[in-house]
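Order-wise, the sequence lines are chains U and P.
1 is the number of the first residue of the first sequence in my numbering; add one for each residue after it.
1 is the number of the first residue of the second sequence in my numbering; add one for each residue after it.
Here a beta-carbon is modelled for each residue, glycine too, at the ideal position from N, C-alpha and C.
The block underneath contains the structure these notes are about, expressed in structure tokens.
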Amino acid sequence: MSQDNHKTSLMTKLSGGQAKQKLLAFASLIALILIFTALKPEAFMTQDNIIGILQSTTVIGVLAIASTFIIITSGIDLSVGVLMTFCAVMGGVFLVNWGLPLPLGVLGAVVVGALTGCVSGLAITRLKVPPFIATLGMMMLLKGLSLIITGARPIYFNDVEGFDQIALGSLIGDIFPALSIPNGVLIMFAVAIVCAVILNRTALGRYTFALGSNEEAVRLSGVDVDRWKVIIYTFAGGICGIAGLLIASRLNSAQPALGQGYELDAIAAVVIGGTSLSGGVGTILGTIIGAFIMSVLINGLRIMSVAQEWQMVLTGLIIILAVYTDNLRRAKK
Amino acid sequence: MTALISVKNVSKSFPGVKALQDVQFELQAGEVHALMGENGAGKSTLMKILAGVYTKDSGEVLLDGKPVDIQSPAHAQALAIGIIHQELFLMSHLTAAQNIFLGREPKGRMGLFLDEDTLNRDTQALFDRMNLALAPQTRIGDLTVARQQMVEIAKALSHKSRILIMDEPTAALNNAEIEELFRIIRQLKSEGVGIVYISHKMDEIQRIADRITVMRDGRYINTVPAQTPMAEIIAMMVGRTLEHSEKTVPDTAANEVLLDVRHLNRGRAIRDVSFTVRRGEILGFAGLMGAGRTEVARAVFGADPLDSGEVWVHGKRIALRTPRDAVQAGIGYLSEDRKHFGLATGMDVESNITLPSLSRWLKGGVFLNQPAIHDISQQMVDKLRIKTPSLTQVSRLLSGGNQQKVVIAKWLVQDCDVLIFDEPTRGIDVGAKSEIYKLVNDLAAQGKAIIVISSELPEVLHLSHRILVMCEGRITGDVSGLAATQESLMALATRRDTEAAPA
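Encoded structure:
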């Protein structure tokens with residue numbers, strides 16, 4: 001029995017033990033794709049459009065992965081969008097203003113993200129400021145800093161050789177010219193896989209779930225709750241740094257005014273993917289599916305020439321509907 | 001004379017438990033009727049049926065001789081049945097008057113605005129009727145617990161209740177406050193209100209009650225006059241002779257002192273508490289609700305800050321800032337409230353078992369060593385006979401007894417030498433209880449030092465080698481587990497400050 005048991009345990013662990021919810025989310029994604037294919041086959045199911053959808057999911061996808069960790073601890077991070085921009089700006093400072101070599105600049109941007117996350121974590125644990133307020137403050141603070149550092153002007157990476165290749169180049173395309181999937185998409189999936197492993201197979205992941213499930217019980221188990229919270233916020237901040245590099249590379253510039261509003265899209269993707277805002281439950285796979293549902297929806301509606309205003313209305317409805325079905329499923333248990 | 005309320009052959013089952021079987025109970029107008037029995041005897045279930053919280057499975061409830069089927073708390077209220085719960089449900093930011101008329105606020109002009117004047121005047125009238133000197137405009141948060149209870153009583157009266165159920169009303173009151181409560185009870189009695197009085201305190205019941213009904217294991221035992229000798233009532237409550245004869249208390253006097261607690265103090269909750277526990281010893285803590293036992297346990301575990309005091313483990317003083325310090329010194333705490341403080345209920349069995357000791361189950365300090373986690377959890381499941389379909393079962397879905405075993409397992413895996421059991425069998429059914437008792441005994445025999453806190457006197461008597469009794473934050477007695485009786489413990493547990501002789 002023990003061997004079988006162990007195998008199922010691994011299976012459920014890797015899928016987060018919530019195969020059903022993800023089936024539902026995945027089925028919705030497929031349904032959306034089928035609907036749009038049926039309505040506009042000539043425009044939707046083209047290689048260019050599919051690559052466009054993939055490309056447009058990368059930034060939100062990576063930010064949503066960062067948010068997933070925070071939300072599973074039953075926290076919230078409102079600063080992820082602006083932090084992404086701040087990391088892009090700092091990348092610009094390192095690479096353009098200081099002329100550091102590419103790898104160092106890239107590393108620097110990620111470290112800036114991690115440090116900023118660490119500051120949020122310390123504000124939450126040491127100053128006992130609730131996550132909502134702490135990260136709201138960080139959001140305003142970082143936005144201001146980005147504008148101050150850049151003088152409210154974009155930093156262009158034209159002179160940094162290879163920077164745009166981070167998101168736009170295609171390693172796969174170099175090998176299989178017919179399949180020119182951009183590197184940004186690969187990076188998002190790589191981040192997703194690494195984060196799924198961390199969430200399900202490491203102490204960091206275990207404590208992420210435990211904190212969201214019952215923080216007081218974890219504290220009374222003798223775990224240093226504050227330390228782990230800071231680590232989790234630091235880790236999520238580092239991932240926002242990766243998102244910052246992706247968006248800067250795609251735009252070939254750091255746009256200091258960009259970023260606000262991304263955090264809400266990220267939270268929406270997380271929630272559509274079945275992660276509970278009350279904590280303790282969630283998966284990276286679900287979040288990725290959630291991010292794709294959002295971008296397929298927006299892409300499809302645009303192809304159908306639905307006005308942007310109505311795209312927003314529909315996206316809003318989808319978010320409410322997704323959480324409602326999740327509640328129904330929970331109530332049935 | 002027709003009884004105010006009369007309960008006949010009422011039964012109630014919950015999944016797996018027969019909570020009430022053919023119970024009867026009768027309350028006359030102007031009577032104080034005490035309901036007694038051990039925890040789990042069915043008192044609360046019966047009262048919750050009268051208050052509309054539960055519905056009965058079978059049997060009859062007669063109100064003024066007419067059968068009624070009480071559907072909901074609102075229905076009970078409409079039938080003039082009020083209940084004062086042990087925990088008070090008041091909003092601390094609102095005034096006494098606002099609390100009493102919550103949801104029924106008198107409306108002023110055009111029915112749009114609240115009429116605070118009428119509200120306060122009506123409340124004042126209620127307070128006058130109770131002879132209670134309290135301003136209706138006082139915020140609840142500024143009142144003592146005793147005064148808050150008075151407000152709850154006023155609230156019940158405002159519903160024109162003729163039947164008032166009081167569940168352990170004096171648990172948090174001091175002597176003077178109890179006197180005031182009794183004065184109000186007598187006042188209500190003279191007005192013909194019938195009062196059901198649930199309490200464990202014999203002396204109080206004999207002073208205030210007219211009749212006593214005793215319940216045991218979900219059954220009605222007898223109804224007797226309040227003057228019946230205490231010993232007779234306890235015999236009815238306990239029923240079975242306790243298995244003192246089987247109990248053996250090992251001689252642990254020569255064993256190493258594992259836990260040495262010196263002069264703990266925190267406000268009024270913990271007052272100069274010192275004790276030691278030796279290897280292999282089971283130390284019981286008896287006392288009434290709010291006597292400070294849980295507070296002591298949490299303080300020793302570093303969960304709450306202390307004003308002063310020292311905790312020594314294995315002869316070394318430990319710095320107690322957080323539970324982490326206590327856990328690293330080898331202390332494990334099993335809370336009375338497993339769902340809030342013991343288990344991450346959304347997580348599976350093996351995650352919970354390895355939670356305190358997770359750093360030992362890592363590869364390279366980072367990755368979970370799944371096979372090792374699985375093996376140690378399986379060992380614990382086998383050893384403690386935890387009934388679970390698999391190690392990945394979400395712990396919320398386990399029964400109370402098995403949840404408790406998971407909590408025990410997590411401390412055993414962490415190699416704790418000192419285990420503090422706070423109400424180890426609360427919410428656990430009778431069968432699983434004896435298993436938990438056996439486990440506690442086995443752990444002591446294996447050389448753990450064990451503290452058992454329990455409000456059930458038979459449980460303390462059954463398990464403990466030595467018993468400390470607490471009252472109002474201080475230790476009022478230290479008795480051998482063989483010599484102690486329910487009466488002697490109860491006497492020590494009610495030895496209040498004013499009458500306290502040196503223990």
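- Within 10 angstroms of the beta-carbon of glutamine 47 of chain U lie fewer than 16 other beta-carbons, which makes it exposed.
- Proximity of chain U to phenylalanine 341 of chain P at the Cβ level (cut-off 7 Å) is accounted for by Glu216, Ala217, Leu220, in chain order.
- With contact defined as three or more Cβ pairs closer than 8 Å, the stretch 262-276 of chain U and the stretch 292-307 of chain U are in contact.
- For alanine 19 of chain P, the closest of P/Leu27, P/Glu26, P/Gln28, P/Asn9 by C-alpha to C-alpha distance is P/Asn9.
- Excluding the 5 residues flanking it on each side, alanine 299 of chain P has same chain C-beta neighbours closer than 7 Å at Leu264, Arg266, Ile270, Leu306, in chain order.
- Sorting P/Val479, P/Glu26, P/Ala484 by C-alpha distance to the C-alpha of valine 196 of chain P places P/Glu26 at the top.
- The beta-bridge partner set that DSSP reports for alanine 268 of chain U is empty.
- Per DSSP, reduced to three states, the secondary structure at tyrosine 220 of chain P is strand.
- Apart from sequence neighbours up to five positions away, the residues of its chain that approach arginine 396 of chain P with a beta-carbon distance below 6 Å are Thr345, ordered along the chain.
- For arginine 293 of chain P, there are no neighbours in chain U by C-beta distance under 7 Å, as the nearest C-beta there is about 17 Å away.
- A straight-line Cα-Cα distance of about 12 Å links glycine 173 of chain U and leucine 186 of chain U.
- The beta carbon of phenylalanine 421 of chain P sits closer than 6 Å to those of Leu334, Val452, all from its chain and outside the five residues before and after it, given in chain order.
- In the structure shown, the three-state DSSP call for isoleucine 70 of chain P is coil.
- With its beta carbon less than 7 Å from one in chain U, methionine 347 of chain P belongs to the interface.
- Not one beta carbon of chain P lies nearer than 7 Å to the beta carbon of arginine 250 of chain U.
- Here valine 394 of chain P has Asp348 as same chain residues with Cβ atoms under 6 Å from its own Cβ, once five neighbours each way along the sequence are excluded.
- Residue environment for glycine 222 of chain U: buried (at least 16 other C-beta atoms within 10 angstroms of its C-beta).
- Taking the CA atoms as reference points, valine 111 of chain U sits about 32 Å from aspartate 325 of chain P.
- With contact defined as three or more Cβ pairs closer than 8 Å, the stretch 136-153 of chain U and the stretch 116-126 of chain U are in contact.
- In its own chain, leaving out the 5 sequence neighbours on each side, no residue places its CB closer than 7 Å to the CB of arginine 186 of chain P.
- By the neighbour-count definition (other C-beta atoms within 10 Å, threshold 16), aspartate 417 of chain P is a buried residue.
- Classified as exposed, leucine 23 of chain U has fewer than 16 neighbouring CB atoms from the shown chains inside 10 Å of its CB.
- Per the coordinates, the alpha-carbon of leucine 4 of chain P lies some 14 Å from the alpha-carbon of glutamine 24 of chain P.
- Taking the Cβ atoms as the reference, valine 62 of chain U lies roughly 21 Å from isoleucine 155 of chain U, outside the contact range of under 8 Å.
- Taken in chain order, the unbroken stretches of beta strand (DSSP E) that lie wholly in the stretch 134-169 of chain P and span 3 residues or more are 163-167.
- If only uninterrupted beta strand (DSSP E) runs of at least 3 residues are considered, none is enclosed by the stretch 15-82 of chain U.
- The bridge partners DSSP lists for tryptophan 98 of chain U come to none.
- With respect to threonine 85 of chain U, serine 146 of chain U sits close: the two C-beta atoms are nearer than 7 Å.
- Nearest Cα to glycine 401 of chain P within the set P/Glu435, P/Pro136, P/Trp411: P/Glu435.
- In the structure shown, the three-state DSSP call for lysine 56 of chain P is coil.
- Under the criterion of beta carbons closer than 8 Å, glycine 280 of chain P and alanine 483 of chain P do not qualify as touching, at roughly 19 Å.
- Looking at the backbone, the Cα of alanine 491 of chain P and that of leucine 439 of chain P are separated by about 30 Å.
- In this structure, glycine 261 of chain U keeps its C-beta atom at 7 Å or more from the C-beta atom of glycine 117 of chain U.
- Spanning the alpha carbons of threonine 294 of chain P and valine 469 of chain P requires a straight line of approximately 12 Å.
- For lysine 448 of chain P, the three-state secondary structure derived from DSSP is coil.
- Chain-order list of chain P residues neighbouring serine 213 of chain U: Ala344, Thr345, Gly346, Met347, by C-beta distance under 8 Å.
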